[in-house]
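Student:
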Amino acid sequence: MSRFSDKVAIITGGASGIGKKTAEMFVEQGGKVLIGDIDEDAGKIVSLEIAKKFGKDSVSYIYLDVSNPEHCKSAVDFAISEFGSINCLLNSAIKMAPGMLKDLSLKDWNTMVNIGLTGTFLMTQAAGRWMIENKTPGSIVNMSSIGGRQPYGMSGAYSTVKAAVIMLAEHFGIEWGGHNVRVNSICAGHTETPLTAYLKDPEIKKGRSEVTPLQRVAQPIDIANGILFLFSEEADYITATAIDIDGGITKSVMNHMPGRKWK
Amino acid sequence: MILEGKTIIVTGGASGIGRATCVLAAREGASVAIADINREMAEETARLVEVQGQAALVIEMDTSKKADAQRMVEETVGTFGTIDGIVCSAIKLVPGKLEELPEEDWDMVMDIGLKGYFLCAQAAGRVMLEKGSGSIVFVSSIGGVQAYNGAGAYSVCKAGAIMLGQLIGVEWGGRGVRGNTVCPGQVRTPMTEAMFKDPEIAAGRAAVVPMGRVGEPEEIAEANIFLLSDRASYINADFMQVDGGQAESKMMHTPGRNWGGKKMNYSTSTVPNITNKQKEDG
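Chains A and B are the protein sequences, given in the same order.
Sequential numbering from 1423 applies to the first sequence in the working numbering.
Sequential numbering from 108 applies to the second sequence in the working numbering.
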């Protein structure tokens, strides 16, 4: 029996990057996945690719705007009708609206807060309600970032949203512990995804690799491995916490001190 | 004056942040006991305290010795009648790479920087617990919240100091004795002067701080004085970063970004790569 046999996951933002990789690996390891994404073309393509490899019963796609509560309820209903259960949820949908706070428009602020934070709340609430009502143990993971640990200048509302989803997971985690619904966060470091297209610039990629103690940026699989660990029964006692998967970068401020010539 | 009539002990009071704390405590009206292994420098600090119109007592001691810590308390109470607060800042830097760090270097840093804090806080704390009031302030470092590579046991010692400060606050807070920790960032002191006298290093180190400069000992001392005073009467088991924002500045050092119009582009082409530099140093 494989790791996620009979397990069903909803993955928001599942059409690309970390969400996509997690969806593929979840199915590869025996699970069934509902990909929710606002990018319809990409979502259908990923869904088809997975179906081709692992069978069409293993995957489905739904058009999902996580900032819309009706969409979130529909996604949960759809997962139940397709697969009969929900055991896991990854909240990884995000839209970047970078900028300096001084000049940030309310629209850009709302975009990130609505998708990144309110969307995470709505999806977690919708999926968690079903798990609790149906006495189904569950594992929910919020995609956070090193930007949720340290202020990420020029990123608009990003850092604030990513810090908030850590707290949101902790809060859901303590509220739902008695229902055996675990809620945690993963704080990803610099990861090569479509969202971080600037990493295609070899100079930037090299620079960011060198400031990371492990000397490389992350690939989506590095982050997906952590998410799947939290999804799995191996993490049965882990709730209301956050795991950094960042090659050590969050703890490396002191690496940037010029002139460390002690002797 | 926010420490008027109080008696404050400062370990490591002969220089740097410790000395600045002695002088500012005197400015705020406190009598000051200057505890240090270096009597000559401690006497200098005593003159600076006296210039502020306050009484000074020099205690030559090794903070890592229990008998010395006990004597420190006895001499202070013998001279000033009581103890209202203690700032522990004595430390010795013994840098080194972990794979090569000798046991005696580890022990020296931990003995002075952690056991010494415990022994001095315990000895002074007993007096304060008996009278039901007092404030204990530990000088830690942002190296206690961020791993400070190449610094031997320093980061571990400083992380331990934060926890010890919290533990004191939790154990003794209900009996009127508060425990807190201050985490300075980069500060130019006799201890760090060897690095900062190189203008390139000084400029580079200033640039990695969000405020664009390193701190002065007095700026750390002000935080110590505040925590000693009754203005901080509800602050307990806390730690305060006094670092110009440096400990939270990781993302400033992400290559390929222009920071806030300050043109701080940390791409490897414009700034010497620290990792490689450290390799050269090694």
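Where is the CB? At the ideal position from N, CA and C, for every residue including glycine.
Compare the C-beta of A:VAL1468 against all C-beta atoms of chain B and say whether one is closer than 9 angstroms.
Tutor: Counting from one through the first sequence, the residue named residue 1468 of chain A turns up at place 46. Closer than 9 angstroms: no.
Student: Drop a sphere of 10 angstroms on the beta-carbon of A:LEU1650, count the other beta-carbons inside from all chains shown, and report buried for 16 or more, exposed for fewer.
Tutor: In the first sequence, the residue the question calls residue 1650 of chain A occupies position 228. By the neighbour-count rule (16 or more Cβ atoms within 10 Å), A:LEU1650 is buried.
Student: Measure the alpha-carbon distance for A:ALA1519 versus A:GLY1595 and round it to whole angstroms.
Tutor: Translated into positions along the first sequence, residue 1519 of chain A becomes position 97. Translated into positions along the first sequence, residue 1595 of chain A becomes position 173. Rounded to the nearest angstrom, the two C-alpha atoms are 29 angstroms apart.
Student: Give the residues of chain D in contact with B:GLU355, contact being defined as C-beta atoms less than 7 angstroms apart.
Tutor: No chain D is part of this structure, whose protein chains are labelled A and B.
Student: Identify whether A:VAL1603 lies in helix, strand or coil by the three-state DSSP scheme.
Tutor: Reading the first sequence from its first residue, position 181 is the one you call residue 1603 of chain A. If DSSP states are grouped into helix, strand and coil, A:VAL1603 belongs with the strands.
Student: Can you find a C-beta in chain B that's less than 9 angstroms from the C-beta of A:LYS1557?
Tutor: Translated into the one-based positions of the first sequence, residue 1557 of chain A becomes position 135. A:LYS1557 does not count as touching chain B.
Student: Going by C-alpha to C-alpha distance, which of B:ASP345, B:VAL289, B:VAL315, B:PRO306 sits closest to B:VAL277?
Tutor: On the second sequence, residue 277 of chain B is found 170 positions in, with the first residue counted as 1. That would be B:ASP345, whose Cα lies nearest to the Cα of B:VAL277.
Student: Determine, using beta carbons only, whether A:ALA1549 and A:ILE1568 come nearer to each other than 9 angstroms.
Tutor: Within the first sequence, residue 1549 of chain A is the residue found at index 127, counting from 1. Within the first sequence, residue 1568 of chain A is the residue found at index 146, counting from 1. Contact flag unset, no.
Student: According to DSSP, is A:ASN1647 helix, strand or coil?
Tutor: Stepping through the first sequence from its first residue, residue 1647 of chain A is reached at position 225. DSSP places A:ASN1647 in helix when its eight states are reduced to three.
Student: Scan the stretch 261-290 of chain B and note each continuous beta strand (DSSP E) run of 3 residues or more that stays entirely inside, going in chain order.
Tutor: Within the stretch 261-290 of chain B, no complete beta strand (DSSP E) run reaches 3 residues.
Student: Cβ closer than 8 angstroms: which chain A residues qualify as neighbours of B:THR189?
Tutor: One-based indexing of the second sequence puts residue 189 of chain B at position 82. Going along chain A, no residue has its Cβ under 8 angstroms from B:THR189, so there is no contact; the nearest lies around 40 angstroms.
Student: Report back the beta-carbon spacing between B:GLY322 and B:GLN293 to the nearest angstrom; my notes put them in contact at under 8 angstroms.
Tutor: On the second sequence, position 215 is the one that residue 322 of chain B refers to. On the second sequence, position 186 is the one that residue 293 of chain B refers to. So it is a contact: roughly 6 angstroms between Cβ atoms.
Student: Quick one, which of B:GLU111, B:ILE166, B:GLY192, B:ASP212 has its alpha-carbon nearest B:VAL473's?
Tutor: Absent from the structure is residue 473 of chain B, since the part of chain B shown begins at 108 and ends at 389.
Student: So B:GLY194 and B:VAL117 are in contact, right, with Cβ under 8 angstroms, and what is the actual spacing, rounded?
Tutor: For the purposes of this step, residue 194 of chain B is taken as residue 87 along the second sequence, with counting starting at 1. For the purposes of this step, residue 117 of chain B is taken as residue 10 along the second sequence, with counting starting at 1. Contrary to the premise, residue 194 of chain B reads as Val rather than Gly in this sequence. Contact flag correct, Cβ pair sits at about 5 angstroms.
Student: Excluding the 5 residues preceding and the 5 following B:MET108 in the sequence, name in chain order all residues of the same chain whose CB lies nearer than 6 angstroms to its CB.
Tutor: The count along the second sequence starts at 1 and reaches residue 108 of chain B at position 1. Excluding sequence neighbours, B:MET108 sits near GLU135, GLY136.
Student: I need the straight-line Cα distance from B:ALA153 to B:VAL216, nearest angstrom please.
Tutor: What you label residue 153 of chain B is simply residue 46 of the second sequence in a count that begins at 1. What you label residue 216 of chain B is simply residue 109 of the second sequence in a count that begins at 1. Near 26 angstroms, if we compare the C-alpha coordinates of B:VAL216 and B:ALA153.
Student: Could you tell me which chain B residues have their CB closer than 7 angstroms to the CB of A:LYS1673, listed as they occur along the chain?
Tutor: Residue 1673 of chain A sits at position 251 when you count from the first residue of the first sequence. In chain order: GLN253, ALA254.
Student: Hey, B:ASN287 and B:GLY272: beta-carbon distance below 9 angstroms or not?
Tutor: Locating residue 287 of chain B in the second sequence gives position 180, where the first residue counts as 1. Locating residue 272 of chain B in the second sequence gives position 165, where the first residue counts as 1. The answer is yes: Cβ separation under 9 angstroms.
Student: List, in chain order, every chain B residue whose beta-carbon is nearer than 7 angstroms to that of A:MET1676.
Tutor: Against the first sequence, residue 1676 of chain A aligns to sequence position 254. Under the 7 angstroms cutoff, chain B gives GLY250, GLN253, ALA254, TYR255, ASN256.
Student: Below 8 angstroms CB to CB, which residues in the same chain sit around A:MET1423 once its five sequence neighbours on both sides are set aside?
Tutor: In the first sequence, residue 1423 of chain A corresponds to position 1, counting from 1. Counting only Cβ-Cβ distances below 8 angstroms, and skipping sequence neighbours, we find GLY1452.
Student: Using three-state DSSP, classify B:GLU167 as helix, strand or coil.
Tutor: Along the second sequence, one-based indexing puts residue 167 of chain B at 60. Looking at B:GLU167 - three-state DSSP - the assignment turns out to be strand.
Student: When you compare only the Cα positions, how much space is there between A:ALA1610 and A:PRO1573?
Tutor: Reading the first sequence from its first residue, position 188 is the one you call residue 1610 of chain A. Reading the first sequence from its first residue, position 151 is the one you call residue 1573 of chain A. If you take the alpha carbons of A:ALA1610 and A:PRO1573, they lie about 14 angstroms apart.
Student: Quick one: Cα of A:GLY1570 to Cα of A:LYS1442, how far?
Tutor: For this step, residue 1570 of chain A is matched to residue 148 along the first sequence. For this step, residue 1442 of chain A is matched to residue 20 along the first sequence. In a straight line, the C-alpha of A:GLY1570 is about 22 angstroms away from that of A:LYS1442.
Student: For B:ILE308, which residues in chain A fall below 7 angstroms Cβ to Cβ?
Tutor: For the purposes of this step, residue 308 of chain B is taken as residue 201 along the second sequence, with counting starting at 1. What B:ILE308 touches in chain A: PRO1680, GLY1681.
Student: List the residues of chain A whose Cβ lies closer than 8 angstroms to the Cβ of B:THR296, in chain order.
Tutor: Residue mapping note: residue 296 of chain B aligns to position 189 of the second sequence, counting from 1. Correct list: empty, because the minimum Cβ distance to chain A is about 15 angstroms.
Student: When the Cα atoms are used, what is the spatial distance from A:ALA1445 to A:VAL1468?
Tutor: Here residue 1445 of chain A is taken as the residue at index 23 of the first sequence, counted from 1. Here residue 1468 of chain A is taken as the residue at index 46 of the first sequence, counted from 1. Rounded to whole angstroms, A:ALA1445 to A:VAL1468 spans 9 angstroms at the Cα level.
Student: Run through chain A and tell me which residues come within less than 7 angstroms of B:GLY311, C-beta to C-beta.
Tutor: For this step, residue 311 of chain B is matched to residue 204 along the second sequence. Residues of chain A passing the Cβ test: PRO1680, GLY1681.
Student: Considering only residues of the same chain and omitting the five flanking positions on each side of A:SER1514, which have a CB-CB separation below 8 angstroms?
Tutor: Within the first sequence, the letter at position 92 stands for residue 1514 of chain A. Excluding sequence neighbours, A:SER1514 sits near ILE1433, THR1434, GLY1435, GLY1436, GLY1439, ILE1440, GLY1441, THR1444, MET1565.
Student: State the start and end residues of the unbroken beta strand (DSSP E) segment that holds B:ALA142.
Tutor: Numbered from its first residue, the second sequence carries residue 142 of chain B at position 35. It spans 138-143 - the beta strand (DSSP E) in which B:ALA142 sits, taken as one unbroken run.
Student: Distance, Cα to Cα, B:ARG233 vs B:GLU182?
Tutor: Within the second sequence, the letter at position 126 stands for residue 233 of chain B. Within the second sequence, the letter at position 75 stands for residue 182 of chain B. Distance between the alpha carbons of B:ARG233 and B:GLU182: 15 angstroms.
Student: Identify, in the order they occur along the chain, each residue of the same chain with its Cβ nearer than 8 angstroms to the Cβ of A:GLY1691, setting aside the five sequence neighbours on each side.
Tutor: Because chain A spans 1423 through 1685 in this model, residue 1691 of chain A falls outside it and cannot be assessed.
Student: Using three-state DSSP, classify A:GLY1435 as helix, strand or coil.
Tutor: As a position in the first sequence, residue 1435 of chain A is number 13, starting the count at 1. If DSSP states are grouped into helix, strand and coil, A:GLY1435 belongs with coil.
Student: Can you tell me whether B:PRO209 is buried or exposed? The criterion is at least 16 other CB atoms within 10 Å of its CB, across all chains shown.
Tutor: Position 102 of the second sequence, counted from the first residue, corresponds to residue 209 of chain B. Exposed.
Student: What are the start and end residues of the beta strand (DSSP E) that includes B:VAL201?
Tutor: Mapped onto the second sequence, residue 201 of chain B falls at position 94. Segment: none, B:VAL201 is in no beta strand (DSSP E) and carries neither H nor E.
Student: Report the three-state DSSP secondary structure of B:GLN348 (helix, strand or coil).
Tutor: Taking the first residue of the second sequence as position 1, residue 348 of chain B is located at position 241. In the structure shown, B:GLN348 sits in a strand (DSSP, three-state: E or B).
Student: Just reading off the beta strand (DSSP E) that A:ALA1664 is part of, what are its end residues?
Tutor: Here residue 1664 of chain A refers to the residue found at position 242 when the first sequence is read from its first residue. From DSSP, the beta strand (DSSP E) with A:ALA1664 extends over 1664-1667.
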